[in-house]
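A quick write-up on the structure given underneath.
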Amino acid sequence: QVQLVESGGGLVQAGGSLRLSCAASGSIFSFNAMGWYRQAPGNQRELVASITRGGVTNYADSVKGRFTISRDNAKNTVYLQMNSLKPEDSAVYYCNAERFGIITHTYWGQGTQVTVSS
Numbered sequence: 644q645v646q647l648v649e650s651g652g653g654l655v656q657a658g659g660s661l662r663l664s665c666a667a668s669g670s671i672f673s674f675n676a677m678g679w680y681r682q683a684p685g686n687q688r689e690l691v692a693s694i695t696r697g698g699v700t701n702y703a704d705s706v707k708g709r710f711t712i713s714r715d716n717a718k719n720t721v722y723l724q725m726n727s728l729k730p731e732d733s734a735v736y737y738c739n740a741e742r743f744g745i746i747t748h749t750y751w752g753q754g755t756q757v758t759v760s761s
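Just so we're aligned, residue 644 is where the sequence shown starts under the working numbering, counting upward by one.
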């Protein structure tokens with residue numbers, strides 16, 4: 644049973660920074676890709692950033708240049724460094740992991756709240 648546990652959310656003023664962490668119960672090297680999604684009230688869940696096993700990253704246009712996703716395979720942890728935060732970044736942030744195969748298995752964390760005040 645794969646478990647993803649997020650931490651690092653909180654309340655921050657606009658222009659501030661936060662670092663989210665996603666700790667996996669097993670080796671993250673077993674996942675083809677991991678990422679961060681977010682969901683604000685009334686909105687659909689959207690991709691924020693992703694990173695492949697090989698380290699290739701992808702970002703939503705709205706966070707490019709401000710957010711950085713990284714992974715530490717030794718610690719089985721994926722990070723999301725968020726700088727220059729804006730009120731519109733406020734949402735619940737979810738960690739995601741995917742394992743490709745005949746059937747793709749997708750795993751989600753429980754989410755962590757990020758609130759950016761203006």
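Think of the CB as a built atom: it goes at the ideal place given N, C-alpha and C, for glycine as much as any other residue.
Limits of the unbroken beta strand (DSSP E) element including V721: For the purposes of this step, residue 721 is taken as the residue at position 78 of the sequence shown. Here the beta strand (DSSP E) through V721 covers T720 to M725.
Between R742 and S673, what straight-line distance do the alpha-carbon atoms span, to the nearest angstrom? Taking the first residue of the sequence shown as position 1, residue 742 is located at position 99. Taking the first residue of the sequence shown as position 1, residue 673 is located at position 30. Going from the Cα of R742 to the Cα of S673 covers about 7 Å.
**Asked** Would you call the CB atoms of A683 and F710 closer than 7 Å?
**Response** Stepping through the sequence shown from its first residue, residue 683 is reached at position 40. Stepping through the sequence shown from its first residue, residue 710 is reached at position 67. Not a contact, by the Cβ cut-off of 7 Å.
Three-state secondary structure (DSSP) of F710: Counted from its first residue, the sequence shown places residue 710 at position 67. Strand.
Review point. If you draw a straight line from the C-alpha of W751 to the C-alpha of E649, how long is it?
Key: One-based indexing of the sequence shown puts residue 751 at position 108. One-based indexing of the sequence shown puts residue 649 at position 6. Rounded to the nearest angstrom, the two C-alpha atoms are 10 Å apart.
- prompt: N739: buried (16+ other C-beta within 10 angstroms of its C-beta) or exposed?
  reply: As a working mapping, residue 739 is identified with position 96 in the sequence shown. Buried, because 16 or more other Cβ atoms sit within 10 Å of the Cβ of N739.
Output the boundary residues of the beta strand (DSSP E) element that contains R742.
One-based indexing of the sequence shown puts residue 742 at position 99. Run containing R742: A734 to R742, per the beta strand (DSSP E) assignment.
Practice task
Less than 8 Å between the CB atoms is what I'm expecting for S760 and L654, so what's the real figure, rounded?
Solution key: Here residue 760 corresponds to residue number 117 of the sequence shown, with the count starting at 1. Here residue 654 corresponds to residue number 11 of the sequence shown, with the count starting at 1. 7 Å between Cβ atoms; contact.
For this session: Can you have a look at G652 and say buried or exposed, based on whether 16 or more other CB atoms are within 10 angstroms of its CB?
Result: For this step, residue 652 is matched to residue 9 along the sequence shown. Under the 10 Å beta carbon count, G652 is surrounded by 16 or more other beta carbons and is classified as buried.
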